[in-house]
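**Q** Using the UniProt record's numbering, you'd call the opening residue of the sequence shown number 1 and step up by one each time. Note that CB positions come from ideal geometry on N, CA and C, so glycine has one too.
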Amino acid sequence: DIARLWSSSGGKWRARFVANTANAKLSPKGSGVNRALHLAAGPALAEATKARWAPCAKSGAAYPVQLPEESSLRSEGVEWILHVNGPNMNPQRPACLDGDYTKGREQLRSTYTALFASFLELL
1 DIARLWSSSG
11 GKWRARFVAN
21 TANAKLSPKG
31 SGVNRALHLA
41 AGPALAEATK
51 ARWAPCAKSG
61 AAYPVQLPEE
71 SSLRSEGVEW
81 ILHVNGPNMN
91 PQRPACLDGD
101 YTKGREQLRS
111 TYTALFASFL
121 ELL
């Protein structure tokens with residue numbers, strides 16, 4: 001439970017950075033990790049993301065956002081959310097690769113590369 005990572009571990013686990021599998025609009029909507037992370041961080045995460053990035057996340061890039069002090073995750077030690085949007089094979093979503101797994105692997109590699117490069121820049 002990321003919302004209680006520090007407090008529920010008895011002070012053993014602290015994460016300054018959390019990678020988020022964001023959607024293409026970088027919005028709190030959806031399900032899975034993205035939704036759970038936004039719920040845990042509170043509205044400050046969506047506001048900080050919107051203030052820093054245009055609402056169009058491309059696969060192969062990372063979108064780091066520093067959590068504002070008022071975010072509930074700051075008390076758990078989280079300082080940065082690293083949004084990434086991986087390749088899409090769903091034809092009902094933007095930028096579908098229509099089964100092109102070669103391109104999908106390239107985008108996934110670029111996404112991970114951008115994620116780790118962003119992490120290293122912020123250390």
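1. Consult DSSP for V78 and reduce its assignment to one of helix, strand or coil.
2. What is the DSSP secondary structure of A62, counted as helix, strand or coil?
3. What separation, rounded to the nearest whole angstrom, lies between the Cα atoms of R109 and G60?
4. What is the DSSP secondary structure of N34, reduced to helix, strand or coil?
5. Please state if the CB of S118 and the CB of A57 are separated by a distance shorter than 8 Å.
6. How is the beta strand (DSSP E) around A95 delimited, first residue to last?
7. Assuming A54 is part of the beta strand (DSSP E), what are its boundary residues?
8. Below 8 Å, can you find three or more Cβ-Cβ pairs linking the segment 26 to 40 to the segment 88 to 100?
9. Taking the straight line between their C-alpha atoms, what separation do you get for T111 and P28?
10. According to DSSP, which residues form a beta bridge with residue 152?
**A** A quick look at the data gives this:
1. coil
2. strand
3. 7 Å
4. helix
5. no
6. Per DSSP, A95 belongs to no beta strand (DSSP E) and is neither H nor E.
7. Element bounds for A54: n/a, residue is neither H nor E.
8. no
9. 20 Å
10. For the chain, the structure presents residues 1 to 123; residue 152 sits outside this window and is missing.
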